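Just below is one structure, and these are the notes that go with it.
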Amino acid sequence: MTADSTKIRKELLQIYGLLYDHFGPLNWWPAETPFEVMVGAILTQNTAWTNVEKAIANLKQNQKLDPRKLKRARKETIARLVRPSGYFNQKAERLKDYAAYFTNNYNSDWRIMAERDTHELREELLSLRGIGPETADSILLYALGKTVFVVDAYTRRAFARLGYLPEYAGYDFTKDFFTRHLPEDKELYNEFHAQIVYLGKDYCRTRPRCESCPLATLSKCRL
DNA sequence: GACCAGGCACATC
DNA sequence: GATGTGCATGGT
663 MTADSTKIRK ELLQIYGLLY DHFGPLNWWP AETPFEVMVG AILTQNTAWT NVEKAIANLK
723 QNQKLDPRKL KRARKETIAR LVRPSGYFNQ KAERLKDYAA YFTNNYNSDW RIMAERDTHE
783 LREELLSLRG IGPETADSIL LYALGKTVFV VDAYTRRAFA RLGYLPEYAG YDFTKDFFTR
843 HLPEDKELYN EFHAQIVYLG KDYCRTRPRC ESCPLATLSK CRL
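Going by this note's numbering, the first sequence opens with residue 663, and the numbers climb by one from there.
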């Protein structure tokens, strides 16, 4: 561990502390079951969470938030139910594909899935149509309890503005940055990502609202 | 009425 | 491997 790495780790944990003091514990992921996390991870792709909540409520009301039932349901039925979350045709197909994968390979049991080696499972998820890096990592961390840091658009934007990343850092580069510098701690990864999303939603948008930003005291932001 | 949201796949160069 | 485009609803 170099002196530089130690400094960055300390700063990242300081940022985490400021965010946690500001937002409090966020208790992610908001879901009743691991399968609901998986469905939410697909539905939230490039979509506001408020719209995802409507789609999930529709699935629940129609008894379709169940891997076997989702697998069997008609695509048009699922598309109608997830309509509020946007891209409903794509997402209906991807949800059905995922439900079939989860049922056929793991007997719809997240515990069996969680026994797999993390890296191998990640590659497997990435091979499915509709599962990219963020969705795969969200499933690994929030549904299966794997120690995996999740990156999203807010993470890249905020930490580029704070000077830790190049402006257009890619997914894996950003993930490696956090994984390299943070202690390997599932609970920390879980809560840190949630805190960053709240930072992004409330302050660090494309049109930023820097006044009263919880990180304002750092005075390192490039904006 | 534009802009944005907790991305991803695919085509093309 | 980088860059562009389609997918689509709902809130600000």
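Virtual Cβ for every residue (Gly too), placed ideally from N, Cα, C.
These numbers were taken from a predicted model, which means no experiment stands behind them.
Inside the region 722-765 only - alpha helix (DSSP H) runs reaching at least 4 residues:
729-734 and 737-743
By the three-class DSSP mapping on this structure, what secondary structure does K863 have?
Within the first sequence, residue 863 is the residue found at index 201, counting from 1. The answer is helix: DSSP assigns K863 an H, G or I state.
What beta strand (DSSP E) runs, 3 residues minimum, are completely inside the region 828-865?
none
Does the Cβ of I774 have 16 or more other Cβ atoms within 10 Å, making it buried, or fewer, making it exposed?
For the purposes of this step, residue 774 is taken as the residue at position 112 of the first sequence. Answer is exposed; the Cβ neighbour count stays below 16.
Pair within 8 Å by beta-carbon distance, L806 and R784
For the purposes of this step, residue 806 is taken as residue 144 along the first sequence, with counting starting at 1. For the purposes of this step, residue 784 is taken as residue 122 along the first sequence, with counting starting at 1. Result no, Cβ atoms of L806 and R784 do not sit closer than 8 Å.
Examine the Cβ distances between the region 711-724 and the region 738-749 and report whether three or more of them are shorter than 8 Å.
yes
Have a look at L675 and L844 and give me their C-alpha separation to the nearest angstrom.
In the first sequence, residue 675 corresponds to position 13, counting from 1. In the first sequence, residue 844 corresponds to position 182, counting from 1. One C-alpha to the other measures close to 8 Å.
What are the start and end residues of the alpha helix (DSSP H) that includes Y678?
As a first step, residue 678 must be located in the first sequence, where it is residue number 16. Here the alpha helix (DSSP H) through Y678 covers A665 to F685.
Between G748 and T712, which are expected to be in contact by the criterion C-beta below 8 Å, what is the C-beta distance as a whole number of angstroms?
Here residue 748 refers to the residue found at position 86 when the first sequence is read from its first residue. Here residue 712 refers to the residue found at position 50 when the first sequence is read from its first residue. Incorrect: roughly 12 Å between the Cβ atoms, too far for contact.
Should Y678 and F811 be called a contact, given that it needs their Cβ atoms to be closer than 8 Å?
Counting from 1 along the first sequence, the entry for residue 678 is found at position 16. Counting from 1 along the first sequence, the entry for residue 811 is found at position 149. Going by C-beta atoms, Y678 is not nearer than 8 Å to F811.
Leaving out five residues on either side along the sequence, give the residues of the same chain with a beta carbon under 8 Å from the beta carbon of E846.
The residue given as residue 846 occupies position 184 in the first sequence. The answer, listed in chain order, is T809.
A761 beta carbon less than 8 Å from that of K733:
Within the first sequence, the letter at position 71 stands for residue 733. Within the first sequence, the letter at position 99 stands for residue 761. Yes, they are a contact pair.
Reduced DSSP category for S800 - H, G, I as helix; E, B as strand; rest coil
For the purposes of this step, residue 800 is taken as residue 138 along the first sequence, with counting starting at 1. Three-state result, S800: helix.
Beta carbon of R884 nearer than 8 Å to that of G825
On the first sequence, position 222 is the one that residue 884 refers to. On the first sequence, position 163 is the one that residue 825 refers to. Yes, Cβ-Cβ distance for R884 and G825 is below 8 Å.
Residue from Y833, F821 and E849 whose Cα sits closest to the Cα of G862
The residue you call residue 862 lines up with position 200 of the first sequence. Measuring from the Cα of G862, the nearest candidate turns out to be F821.
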